[in-house]
Amino acid sequence: MNEEWLQASGACLAAPEQTLPTLSDEGGGENLLGDQGGIETSERREKLNLLKCKRCRDARKKCRANHVWPQKSEKCLSQGLVALRACSEPALKNPRGTLDLSEVDLRSETSLIAGRLDPQINESDDYTSSDEPKEPSTFEGPRRTAVLKRIKREHPKAAPETQPPALSDEDQFPTSVYTPLAAGEFRILQLAPGRHDDDICCSFMIASMAESDKVKYEAISYLWGSPRPQQLAQINLLDPHGKVHPINIRINLFHALRRLRHPKKMKPMWIDALCIDRKTTHEMNTQVSMKRYLFRNAQNLCFWIGEDEDCKNALKFIPRILDLFRIDKLIRDDSAIDDWAAFVALLKNPVWSRLWILQEVAVSQNTTLHCGQVAIHYGDLVDAMALFRTCQEQISILFRHNQKNENVLLDRRLSVAERFIDVSMNVFRPTSSGNVERLLSLETLVCYLSDLDCADPLDRIYSVLAISKDGPAPWGKTPIEHDMVLHIDYDKSVLDVYQEFVVQTIKTSHSLDIICRNWASRVPQTEVHLPTWVRPLQFSSQQNANIGYISERIEADSMVGLPGKNYYNASGGRKTIFYLEDSQPRYIPCSLSVCGLRVDTISNLGPRAEEGIILQEWFELGQCDLVLDELPDAFWMTLVAGRGPKGSTLPSWYNRAFKYCLLLSPTGNINTNRIIDEMKSQSPLVVDFLRRVQSVIWNRKFFVSSNKYIGLAPPAAQVGDFICILYGCSVPVVLRRQEDMNGKGFFQVVGESYVHRIMDGEALATAKASGIFEEDFELR
Numbered sequence: 058m059n060e061e062w063l064q065a066s067g068a069c070l071a072a073p074e075q076t077l078p079t080l081s082d083e084g085g086g087e088n089l090l091g092d093q094g095g096i097e098t099s100e101r102r103e104k105l106n107l108l109k110c111k112r113c114r115d116a117r118k119k120c121r122a123n124h125v126w127p128q129k130s131e132k133c134l135s136q137g138l139v140a141l142r143a144c145s146e147p148a149l150k151n152p153r154g155t156l157d158l159s160e161v162d163l164r165s166e167t168s169l170i171a172g173r174l175d176p177q178i179n180e181s182d183d184y185t186s187s188d189e190p191k192e193p194s195t196f197e198g199p200r201r202t203a204v205l206k207r208i209k210r211e212h213p214k215a216a217p218e219t220q221p222p223a224l225s226d227e228d229q230f231p232t233s234v235y236t237p238l239a240a241g242e243f244r245i246l247q248l249a250p251g252r253h254d255d256d257i258c259c260s261f262m263i264a265s266m267a268e269s270d271k272v273k274y275e276a277i278s279y280l281w282g283s284p285r286p287q288q289l290a291q292i293n294l295l296d297p298h299g300k301v302h303p304i305n306i307r308i309n310l311f312h313a314l315r316r317l318r319h320p321k322k323m324k325p326m327w328i329d330a331l332c333i334d335r336k337t338t339h340e341m342n343t344q345v346s347m348k349r350y351l352f353r354n355a356q357n358l359c360f361w362i363g364e365d366e367d368c369k370n371a372l373k374f375i376p377r378i379l380d381l382f383r384i385d386k387l388i389r390d391d392s393a394i395d396d397w398a399a400f401v402a403l404l405k406n407p408v409w410s411r412l413w414i415l416q417e418v419a420v421s422q423n424t425t426l427h428c429g430q431v432a433i434h435y436g437d438l439v440d441a442m443a444l445f446r447t448c449q450e451q452i453s454i455l456f457r458h459n460q461k462n463e464n465v466l467l468d469r470r471l472s473v474a475e476r477f478i479d480v481s482m483n484v485f486r487p488t489s490s491g492n493v494e495r496l497l498s499l500e501t502l503v504c505y506l507s508d509l510d511c512a513d514p515l516d517r518i519y520s521v522l523a524i525s526k527d528g529p530a531p532w533g534k535t536p537i538e539h540d541m542v543l544h545i546d547y548d549k550s551v552l553d554v555y556q557e558f559v560v561q562t563i564k565t566s567h568s569l570d571i572i573c574r575n576w577a578s579r580v581p582q583t584e585v586h587l588p589t590w591v592r593p594l595q596f597s598s599q600q601n602a603n604i605g606y607i608s609e610r611i612e613a614d615s616m617v618g619l620p621g622k623n624y625y626n627a628s629g630g631r632k633t634i635f636y637l638e639d640s641q642p643r644y645i646p647c648s649l650s651v652c653g654l655r656v657d658t659i660s661n662l663g664p665r666a667e668e669g670i671i672l673q674e675w676f677e678l679g680q681c682d683l684v685l686d687e688l689p690d691a692f693w694m695t696l697v698a699g700r701g702p703k704g705s706t707l708p709s710w711y712n713r714a715f716k717y718c719l720l721l722s723p724t725g726n727i728n729t730n731r732i733i734d735e736m737k738s739q740s741p742l743v744v745d746f747l748r749r750v751q752s753v754i755w756n757r758k759f760f761v762s763s764n765k766y767i768g769l770a771p772p773a774a775q776v777g778d779f780i781c782i783l784y785g786c787s788v789p790v791v792l793r794r795q796e797d798m799n800g801k802g803f804f805q806v807v808g809e810s811y812v813h814r815i816m817d818g819e820a821l822a823t824a825k826a827s828g829i830f831e832e833d834f835e836l837r
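Residue numbers for the sequence shown follow the numbering used here, so the first one is 58 and each next one is one higher.
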């Protein structure tokens, strides 16, 4: 850092990182300058008037003799003037685009430090510019707006987003930037004012949760993006010692800061990537635990989408969707097709796939959605999404009429966005006493949001812990000490956290269904060896991005359904009996011992139903004679798992729909996707039947057991696997017996299954008569 610049800017610097001043802090009356270097007071004041920048000169007019008073500060500075030099020269950029410290722009630095003494300096003013927007004032309540701001000037399109990885070496900040935080303290980033192309300058101040109601700040929620060097940009951060550090941040955050900063005033903000020292695990644990309070107490959450042109157009289009007097015309208007396509593109944006963003939006009391220079209230998007779903069939016709690909309306990413919005709006409910009630269990959130993603496997649990019924203490209680069952601790291993979650879920739900649900983030087996009773997602996040989002479905629906909404009762209501056997060393998975019945063994298996195709081999295993038109009811009922959509009662007309599909399949294989495409406009009932079939058979295998039961097994099932009823589990489970190195037998969980005629406790009623007895299964 240039020493002369530091001395020159000394008059504009306050004590670098300090606790927020309260309203009781008054400017002292002592002489902070004195006579230095033989310069008389009047002479020094004259030089101040001539040499300082306009912002400093304006501040001097408000200041008593022998004091320096920056603009809108609560008190005079306590910094003496030493070797004061002119500070009116603007900063220049060198060819590499970084700050030239020999010619620093103190316009931003002065206002930055001035704002550090006043955390409540975020009011709107009358500043305007021909090439910059007037910044909207801080949002004070849940009001809605159509378009908050628009400017003619466009910024280059942001680089494509990727899944947010862990913090890399490129965006590790110097240790001197952070000072240790006391219990209940947090940092606020003071974002210096500037126009769009100005360098970004900022510093930290420290605030306390005990006085959080006195602190005004906004928060930013955004997709982190890639840490690769070409995806980084530079900002200038002032450390507590008055030294400026050029640091690298992710490009998406860089664009957000340039768009969201005020052109003239300081803007206090809370940004997790900058305000948390991620090199210190203890601080990570405490600050991440406080995130829900920080986002809830923020005056406004700026939900940053990016700079995508389609998303900008979508935000501008949303007010037209919300016009209920014209929406009927809008969904039939050919000229609006590009606007509807832009709205679909907005819903496919990867921001909706992030678990942490969901928590941040859910706890925020006021949220605005920002894309480039366009902004709307989040509630407007929620209403637009509801209307879009209501009118989706007519919009699909509009796409087809204009030769647009209507299948984009079935893209899985739209379902992900719908779940995001649904949970963010319905996870809390206000009570009559003014408190906030959390409605969903941790198990429900983890399983229902399994299509959403996170960079750290631990965040599969931690990101939704605070908004769950199993999470921290209610609002208003101390965020540092509470009686949570699960605590945020990034020192723990993925294995430990996942095992603790499963065991806690079994204890609270009195159910073993969690061992059948695919919920855990996929991690390399070389890093973490998860037990088979912790079920990983079938596809990694990268595979989801490249494969799963191409079509509506990538796997069958879970047989056990969501927590508390069981479709079956295979264990007849028997209580869960289990115990956990700890392993040594700790990196080896624990054994989960459960009680149940070994009902049967798989003797024949058909191929996997890839892309939902009902194969001819399945008909042969199910003893169907297509020539003689002999179709056992057990076969077609197995294809729909004995239920209608979402576990409803089996419709009687499914039998007729199945026979109709056979007529359309002369080759013997029933291609469900082809028939759905052909029957969309001719027979919606057949389409409904086949969508139910797809939700059941997709990638599963048809099997026949030794006792002639038929059913559906997981894709990893093999001949010889056991069909078991485990007490507390609503569906039969396929287990595989193995032996360890010492010759001790144990079982691996292959997955859930459907077995026709034993889904409602029938196996328990006939167990003794069939010679089947209760036994313990050690699951590893």
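For each residue, glycine too, the CB sits at the ideal point set by N, CA and C.
If you ignore the 5 residues before and after Leu836, its C-beta comes within less than 8 Å of the C-beta of Ile572, Pro588, Thr589, Trp590, Ser648, Leu649, Ser650, Val651, Leu792, Phe803, Phe804, Gln805, Val806, all in its own chain and listed in chain order. Assigned with DSSP and collapsed to three states, Glu463 falls in helix. The C-beta of Gln775 has fewer than 16 other C-beta atoms within 10 Å across all chains shown, which makes the residue exposed.
A straight-line Cα-Cα distance of about 12 Å links His427 and Leu314. Pairing Pro376 with Leu280 gives a Cβ-Cβ distance that is not under 8 Å. Put simply, the backbone Cα of His458 is about 23 Å away from that of Arg469.
The C-beta of Tyr811 has 16 or more other C-beta atoms within 10 Å across all chains shown, which makes the residue buried. Rounded to the nearest whole angstrom, the CA to CA distance from Gln422 to Thr447 is 27 Å. Ile292 and Phe311 do touch by the CB rule: their CB atoms are close to 7 Å apart, below 8 Å. A direct Cα-to-Cα measurement between Asp396 and Leu372 gives close to 10 Å.
Here Lys405 is buried: its Cβ has 16 or more other Cβ atoms, across all protein chains shown, within 10 Å.
A distance of 8 Å or more separates the beta carbons of Met482 and Val420. Counted as a single uninterrupted DSSP element, the stretch harbouring His434 is not any alpha helix (DSSP H) but the beta strand (DSSP E) occupying residues 431-434. Under the Cβ criterion (8 Å, minimum of three pairs), the stretch 761-775 does not count as touching the stretch 736-751. Trp409 places its beta carbon 8 Å or farther from that of Ser520. In the same chain as Leu471, and ignoring 5 residues on each side of it, the C-beta atoms closer than 6 Å to its own belong to Leu404, in chain order. For Ile518, the closest alpha carbon among the candidates Glu463, His813, Val345 is that of Val345.
With contacts defined by Cβ atoms closer than 8 Å, Gly818 and Ser628 form a contacting pair. If you draw a straight line from the Cα of Arg700 to the Cα of Leu552, it is about 36 Å long. Close CB contacts of Asn730 within its chain, under the 7 Å cut and outside five residues either way in sequence, are with Glu668, Gly669 (chain order).
The three-state secondary structure of Gly653, taken from DSSP, is strand.
Excluding residues up to 5 positions away in sequence, Val807 lie with their Cβ nearer than 6 Å to the Cβ of Ala773 in the same chain. Taking the CA atoms as reference points, Cys259 sits about 38 Å from Asp527.
The three-state secondary structure of Phe715, taken from DSSP, is helix. Asp508 and Leu415 have their alpha carbons spaced roughly 12 Å apart.
Unbroken beta strand (DSSP E) stretches of 3 residues or longer found wholly inside the stretch 749-779: 758-762, 767-770, given in chain order. The continuous beta strand (DSSP E) containing Gln291 extends over residues 289-295. Glu677 and Thr724 have their alpha carbons spaced roughly 14 Å apart. In the structure shown, Arg335 adopts coil according to DSSP, grouped into three states. Ranked by how close their Cα comes to the Cα of Ile263, the residues Phe243, Gly491, Lys369, Asp639 have Phe243 in first place. Leu506 is positioned such that its CB atom lies closer than 8 Å to that of Val480.
Comparing alpha-carbon positions, the option among Lys703, Ser738, Val697 lying closest to Phe715 turns out to be Val697. The continuous beta strand (DSSP E) containing Pro303 extends over residues 301-307. Per DSSP, Ala512 lies in no alpha helix (DSSP H) segment and is marked neither H nor E. A Cβ-Cβ separation of about 7 Å places Ile277 in contact with Leu317 under the 8 Å criterion.
Shown here for Phe400: same chain residues with a beta carbon closer than 8 Å to its own, the five before and five after excluded, namely Ala371, Phe374, Ile375, Ile378, Ala441, Phe445 in chain order.
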